[in-house]
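Taking my numbering, I'd label the letters of the sequence shown as residues 14 to 180.
All C-beta atoms, glycine included, are put in the ideal place defined by N, C-alpha and C.
Each remark here refers to the structure printed beneath this line.
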Amino acid sequence: MDTRNRTRAVAIVPTGLMALAFVIAGCTSGDAPEPMASESTSAPSPSATSAPPAGAFAYPDKTDPTQVGIALKYGEGSDPSGEIIAGPAVLVADRQFTVEGQCEGDRVGFEVVTADGERRVLAEGGFRCDDPPAGEFSYRLPYAGVVQVNLTDADDVDRAWVRVVQT
């Protein structure tokens, strides 16, 4: 199982869970009895959102339903292989999407383009392998449709992946 992808996806969830907890707490009746016996004073259990160990490279699930597109680089040496996959989701206009990625090596660049005849660049950037993106590549654009993610400047990496997700 790909724990890197799960960690990235779950890292976004705590903020939403906190907001949900505040809404639920604000919607409870003031006359309801407070729980007594079920309260616990034990320390909280470790969270599933903790980051994987440094250098723990893992490819994400290519069938993640929130994934709009992904580019992958496999292997090392002078003849590496790779994949560019559109979907399974399609970019929805005016809704935030995020570029995620990971690599082994120095740094990798990326571009997100429309997957039509125009191939317009929607987003581009790069990151160091020892400092993968953690939400800083988030965008909201009026474009709707299929996108293609390309790795650029990937000569100095052995393995890499960059993908667009939209929730």
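- If you look at R108, you'll find it isn't in any beta strand (DSSP E); DSSP assigns it neither H nor E.
- Taking C-beta atoms under 8 Å as the contact rule, G88 and V162 fail to qualify, at a distance of about 19 Å.
- Ranked by Cα distance from I98, the first of A106, R108, P78 is P78.
- Inter-residue distance for Q109 and A71 is about 25 Å (C-alpha atoms, whole angstroms).
- Judged by DSSP in its simplified three-state form, L154 adopts coil rather than helix or strand.
- In the DSSP secondary-structure assignment, Q80 is bridged to V178.
- Beta-bridge annotation (DSSP): C142 is not paired with any residue.
- For V105 and P145, the gap between their C-alpha atoms comes out near 25 Å.
- Here the C-alpha atom of G114 lies approximately 23 Å from the C-alpha atom of D129.
- With distances taken between CA atoms, D119 lies nearest to D143 out of E149, K75, D143.
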